[in-house]
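Participant: Shown below is the structure under consideration.
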Amino acid sequence: KAGVTQTPRYLIKTRGQQVTLSCSPISGHRSVSWYQQTPGQGLQFLFEYFSETQRNKGNFPGRFSGRQFSNSRSEMNVSTLELGDSALYLCASRLSGQGFDEQFFGPGTRLTVL
Amino acid sequence: AQRVTQPEKLLSVFKGAPVELKCNYSYSGSPELFWYVQYSRQRLQLLLRHISRESIKGFTADLNKGETSFHLKKPFAQEEDSAMYYCALGTGGGNKLTFGTGTQLKVEL
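Residue numbers (the numbering used here), protein chains in the order written: chain W, 19 to 132; chain E, -17 to 91.
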């Protein structure tokens, strides 16, 4: 079974631009979560989608948004990029989104904001 | 608000020595705790979860609600154990993970 895939793997943007990151979960998984990883703040939860609905949200500004499609693929969008948005963005998928079944992580998208 | 604390950024031990990676949490509800590991150039992956009460790769972790701790232990460290270890607290029905800042374990020969 193929693992979680994320595209693109690397991105370079400038301040003020917007960016869209994509995540394809493991086949059959319906829950997708997004995390931001930085050296200073570590791994921080952004949001989680299940059946095209956002179920949980972390403490990030409204510039960070996401969505999930009917095939469970998810996208994350960051508008009006700031230098501090430079980070590794990880996506994780789970089978059912119920209980505490394992989250499987993707390789991440490395975003650099100049 | 929930919080996970891993006090050590780096832990260096010799091969064959015991390992203990510390994790403390703060949460008012019933905690669900996990250890995730990231080997060099690999993805973050689940090592173990407290509800399973299992031993994976020789590692165990016991939830101590009184001390709000979930320390990861292994009696004899192996070179292949060198990796970054993250403790995580699950909330929101398991849909949200709050991670600690991680501990880099280095096993020296």
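Glycine included, C-beta positions come from ideal geometry on N, C-alpha and C. Since we're looking at a predicted model, the values are computed, not measured.
What is the C-beta distance between E/Leu26 and E/Leu87, in whole angstroms, given that I count them as a contact (C-beta under 8 Å)?
Facilitator: Taking the first residue of the second sequence as 1, we reach residue 26 of chain E at position 44. Taking the first residue of the second sequence as 1, we reach residue 87 of chain E at position 105. With a Cβ gap of about 15 Å, E/Leu26 and E/Leu87 do not count as contacting.
Participant: Contact defined as beta carbons within less than 8 Å: I believe E/Cys69 pairs with E/Leu28. What is the distance between those atoms, to the nearest angstrom?
Facilitator: Numbered from its first residue, the second sequence carries residue 69 of chain E at position 87. Numbered from its first residue, the second sequence carries residue 28 of chain E at position 46. Not really, about 12 Å apart at Cβ, beyond 8 Å.
Participant: First and last residue of the beta strand (DSSP E) that includes E/Tyr21?
Facilitator: Residue 21 of chain E sits at position 39 when you count from the first residue of the second sequence. Per DSSP, E/Tyr21 belongs to no beta strand (DSSP E) and is neither H nor E.
Participant: State yes or no: is the C-beta of E/Thr73 within less than 9 Å of the C-beta of E/Leu(-8)?
Facilitator: The count along the second sequence starts at 1 and reaches residue 73 of chain E at position 91. The count along the second sequence starts at 1 and reaches residue -8 of chain E at position 10. It is not a contact, given that the beta carbons lie outside the stated cut-off.
Participant: Taking a cut of 8 Å between CB atoms, which residues from the segment 66 to 86 of chain W lie near chain E?
Facilitator: Glu66, Phe68, Arg73, Asn74 and Gly76
Participant: Go ahead and label W/Ser51 buried or exposed: buried means 16 or more other beta carbons lie within 10 angstroms of its beta carbon, across all protein chains shown.
Facilitator: To locate residue 51 of chain W, count along the first sequence from 1; it is residue 33. Classification for W/Ser51: buried.
Participant: According to DSSP, which residues form a beta bridge with W/Asn74?
Facilitator: The residue you call residue 74 of chain W lines up with position 56 of the first sequence. DSSP lists W/Glu66 as partners of W/Asn74.
Participant: Count the other CB atoms, across all protein chains shown, that sit within 10 Å of the CB of E/Asp63; report buried if there are 16 or more and exposed otherwise.
Facilitator: Looking up residue 63 of chain E in the second sequence gives position 81. In the assembly as shown, E/Asp63 is a buried residue. Its beta-carbon has 16 or more other beta-carbons within 10 Å.
Participant: Can a CB atom of chain E be found closer than 9 Å to the CB of W/Leu39?
Facilitator: As a first step, residue 39 of chain W is located in the first sequence; it is residue number 21 there, counting from the start. Closer than 9 Å: no.
Participant: Is the shortest distance between the beta-carbon of W/Ser49 and the beta-carbons of chain E less than 9 Å?
Facilitator: Here residue 49 of chain W refers to the residue found at position 31 of the first sequence. At least one beta carbon of chain E lies nearer than 9 Å to the beta carbon of W/Ser49.
Participant: Counting only Cβ pairs nearer than 7 Å, list the residues of chain E close to W/Pro125.
Facilitator: Within the first sequence, residue 125 of chain W is the residue found at index 107, counting from 1. The contacting residues are Arg25.
Participant: Taking 9 Å as the CB-CB cut-off, is W/Gly60 touching chain E?
Facilitator: Within the first sequence, residue 60 of chain W is the residue found at index 42, counting from 1. Yes, W/Gly60 lies at the interface with chain E (some Cβ there is under 9 Å from its Cβ).
Participant: Figure out for me which residue from E/Ala65, E/Leu54 and E/Ser8 has the closest Cα to the Cα of E/Val(-14).
Facilitator: The residue given as residue -14 of chain E occupies position 4 in the second sequence. Measuring from the Cα of E/Val(-14), the nearest candidate turns out to be E/Ser8.
Participant: Counting only Cβ pairs nearer than 7 Å, list the residues of chain W close to E/Lys39.
Facilitator: Position 57 of the second sequence, counted from the first residue, corresponds to residue 39 of chain E. Counting only Cβ-Cβ distances below 7 Å, E/Lys39 has no contacts in chain W at all, with the closest Cβ about 15 Å away.
Participant: DSSP three-state call for E/Ser34: helix, strand or coil?
Facilitator: Within the second sequence, the letter at position 52 stands for residue 34 of chain E. In this structure, E/Ser34 counts as helix in the three-state DSSP scheme.
Participant: Thinking C-beta only, is W/Ser92 closer than 9 Å to W/Tyr53?
Facilitator: The residue you call residue 53 of chain W lines up with position 35 of the first sequence. The residue you call residue 92 of chain W lines up with position 74 of the first sequence. Not a contact, by the Cβ cut-off of 9 Å.
Participant: Between the alpha carbons of W/Gln36 and E/Leu54, how many angstroms are there, rounded?
Facilitator: Residue mapping note: residue 36 of chain W aligns to position 18 of the first sequence, counting from 1. Residue mapping note: residue 54 of chain E aligns to position 72 of the second sequence, counting from 1. Taking the straight line from one Cα to the other gives about 40 Å.
Participant: In whole angstroms, what is the alpha-carbon distance linking E/Arg35 and W/Glu100?
Facilitator: Against the second sequence, residue 35 of chain E aligns to sequence position 53. Against the first sequence, residue 100 of chain W aligns to sequence position 82. About 43 Å.
Participant: Within 10 Å of its beta-carbon, does E/Lys(-3) have 16 or more other beta-carbons around it, so buried, or fewer, so exposed?
Facilitator: As a first step, residue -3 of chain E must be located in the second sequence, where it is residue number 15. E/Lys(-3) comes out exposed.
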